[in-house]
Structure formats: structure tokens, C-alpha cells
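Enquirer: The numbering of the sequence shown is our numbering, which starts it at 59 and goes up by one.
Glycine is no exception: its CB is placed at the ideal position from the N, C-alpha and C atoms.
Below is the structure I would like to discuss, written out as C-alpha cells.
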Amino acid sequence: MRQWKTESIFEDDRLRADNKEYAAAVIIQFFNYKDCVPSGELRSLYHNTRMIFHGLDQMLLIMDEIMEQAGYPQADFAPRCLKMCEEKFPRFCNWEGAAKEESGMDFSQWDRRLYKKNITIQIYCRKNASMQGEVRFPKEKIHFRSTLELMRMIHQYLQCLTEINRKKTE
Numbered sequence: 059m060r061q062w063k064t065e066s067i068f069e070d071d072r073l074r075a076d077n078k079e080y081a082a083a084v085i086i087q088f089f090n091y092k093d094c095v096p097s098g099e100l101r102s103l104y105h106n107t108r109m110i111f112h113g114l115d116q117m118l119l120i121m122d123e124i125m126e127q128a129g130y131p132q133a134d135f136a137p138r139c140l141k142m143c144e145e146k147f148p149r150f151c152n153w154e155g156a157a158k159e160e161s162g163m164d165f166s167q168w169d170r171r172l173y174k175k176n177i178t179i180q181i182y183c184r185k186n187a188s189m190q191g192e193v194r195f196p197k198e199k200i201h202f203r204s205t206l207e208l209m210r211m212i213h214q215y216l217q218c219l220t221e222i223n224r225k226k227t228e
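This is how it looks when you write it as C-alpha cells:
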């Protein structure tokens with residue numbers, strides 16, 4: 059598996075769009091953090107789309123759905139489901155309603171100032187119904203061992219931003 063060598067997955071070193079490894083990389087932009095529930099936009103490099111999410115649970119389920127469609131990174135087991143709803147998995151993203159980027163969109167041409175406000179998530183593997191990978195915040199890159207750990211770090215980051223903004227407005 060390829061490791062990112064540069065500070066941004068969007069620089070010259072980035073993966074190409076025809077590569078299924080793109081399914082494991084997403085850009086997250088947060089719009090709101092009210093009552094500890096973040097809302098924002100997930101940009102899928104694999105589907106070349108933007109999808110709105112409300113809550114980290116929906117964000118992670120959309121990411122999982124993208125990786126499941128691409129078959130990368132491969133999950134070690136099929137997800138469990140309720141017997142009464144067997145094989146009727148809910149859809150967490152509306153591909154028809156997702157905002158499509160121009161077909162030739164080069165993600166490296168995005169406004170670099172925007173990157174500094176976003177986080178990027180790179181999933182390396184999916185095991186035991188969880189994800190392991192790397193999350194890049196504007197000033198820090200850290201590996202996570204589970205989706206719970208990732209969620210905790212994202213909440214910590216958003217709470218820090220909220221506190222910084224609160225102090226600026228005082």
C-alpha cells in the first residue's frame with residue numbers, strides 16, 4: 059500500500075483518479091459544530107463527488123460505503139445485519155443527489171488556503187468492523203487505530219477550534 063510522502067494528498071505525489079486506492083482518501087470540510095454534532099461536506103476522490111453529512115456517524119458510514127463499492131481497502135468480514143432486515147442495508151449517501159465535480163477536475167488545483175481549514179483522512183485497512191489509517195489536521199498528522207479513536211480526535215479538534223473562535227470574539 060502506498061504511503062503519502064508529502065504534506066498534502068493533493069500535491070504532485072498524489073494518487074491518480076483511475077486508481078481504486080483513491081477510495082480510501084477523503085477530504086472533510088466542516089461547516090457547523092452545534093451541540094457536539096458536526097455538519098459538513100465529504101469530498102470523495104474516488105467518485106469525484108461532494109456529499110453533505112450531519113454527524114460523524116453519517117460521515118463514517120458514507121466513507122465505508124465508498125470503500126465497499128470500490129472494494130478497497132477490503133473489509134475482512136461482511137457487515138452484520140439484523141435478521142429481520144437481512145441484506146437490506148441502508149444507503150447513507152445519495153449518489154444521484156451528490157454534487158458532481160467536473161469530470162476532468164484536478165484536485166491539486168484547489169485553493170490551497172481551503173486545505174488548511176479541512177482535514178484529510180486516509181484509510182489503510184478495514185479490520186474487525188473498524189478502520190485504521192491516518193488523519194491530517196492543519197498542523198498535525200496522526201494515525202488512528204479505530205473509528206472511535208478517529209471520532210474522538212475530530213471532536214477534540216472541533217472543540218479546540220470552537221474555543222479559539224470564542225476567545226477571538228471576546
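Which same chain residues end up closer than 8 Å to Tyr-215 when comparing Cβ atoms and leaving out the 5 residues on each side of it in sequence?
Expert: Locating residue 215 in the sequence shown gives position 157, counting from the first residue. Within the same chain, and ignoring the five residues on either side of Tyr-215 in sequence, the residues whose Cβ sits closer than 8 Å to its Cβ are Ile-177 and Phe-195.
Enquirer: Helix, strand or coil for Arg-224? Go by DSSP, reduced to three states.
Expert: Residue 224 sits at position 166 when you count from the first residue of the sequence shown. Looking at Arg-224 - three-state DSSP - the assignment turns out to be helix.
Enquirer: When we look at the beta-carbon of Ala-81 and count the other beta-carbons within 10 Å, is it buried (16 or more) or exposed?
Expert: Looking up residue 81 in the sequence shown gives position 23. Ala-81 comes out buried.
Enquirer: Any heavy atom of the ligand SAM closer than 7 Å to the CB of Phe-111?
Expert: With respect to the ligand SAM, the structure offers nothing, as it holds no ligand at all.
Enquirer: Near Ala-112, what residues of its chain come up, given a Cβ to Cβ distance below 6 Å and the 5 sequence neighbours on each side ignored?
Expert: As a first step, residue 112 is located in the sequence shown; it is residue number 54 there, counting from the start. According to the sequence as given, residue 112 is His; it is not Ala. Ser-97, listed in sequence order.
Enquirer: If you measure between the beta carbons of Leu-114 and Ile-212, is that distance less than 8 Å?
Expert: The count along the sequence shown starts at 1 and reaches residue 114 at position 56. The count along the sequence shown starts at 1 and reaches residue 212 at position 154. Yes, they are a contact pair.
Enquirer: Starting from Gln-116, follow the alpha helix (DSSP H) in both directions and report where the run begins and ends.
Expert: As a position in the sequence shown, residue 116 is number 58, starting the count at 1. Here the alpha helix (DSSP H) through Gln-116 covers 114-128.
Enquirer: Pick out whichever of Thr-107, Thr-227 and Glu-192 has its Cα sitting closest to the Cα of Met-209.
Expert: Position 151 of the sequence shown, counted from the start, is the residue given in the question as residue 209. When only C-alpha atoms are compared, the closest one is Glu-192.
Enquirer: In angstroms, rounded to a whole number, what distance separates the CA positions of Asp-71 and Ala-83?
Expert: Residue 71 sits at position 13 when you count from the first residue of the sequence shown. Residue 83 sits at position 25 when you count from the first residue of the sequence shown. For Asp-71, the predicted structure reports a pLDDT of 38, less than 50, and the residue's modelled location is therefore unreliable. A value from the coordinates is still provided. About 14 Å.
Enquirer: Mind checking who Thr-178 pairs with in its DSSP beta bridge?
Expert: Sequence index remark: in the sequence shown, residue 178 carries index 120 (1-based). Paired residues: Ile-85 and Arg-194.
Enquirer: What does the Cβ neighbour count give for Ile-120, buried or exposed, with the cut at 16 atoms within 10 Å?
Expert: Walking along the sequence shown from the start, residue 120 turns up at place 62. Under this definition Ile-120 is a buried residue.
Enquirer: Return the residue from the list Cys-218, Ser-204, Glu-228 and Gln-180 that minimises the CA-CA distance to Tyr-91.
Expert: Counting from 1 along the sequence shown, the entry for residue 91 is found at position 33. Comparing Cα positions, the closest option is Cys-218.
Enquirer: Just verifying my parser: in three-state terms, what is the DSSP assignment at Arg-203?
Expert: Walking along the sequence shown from the start, residue 203 turns up at place 145. Residue state, collapsed to three classes: coil.
Enquirer: Enumerate in chain order the residues of its own chain whose CB-to-CB distance from Lys-225 is below 7 Å, with the five nearest sequence positions on each side excluded.
Expert: Here residue 225 corresponds to residue number 167 of the sequence shown, with the count starting at 1. Counting only Cβ-Cβ distances below 7 Å, and skipping sequence neighbours, we find nothing.
Enquirer: Within this structure, are the beta carbons of Arg-184 and Ala-133 separated by less than 8 Å?
Expert: As a working note, residue 184 is residue 126 in the sequence shown. As a working note, residue 133 is residue 75 in the sequence shown. Yes.
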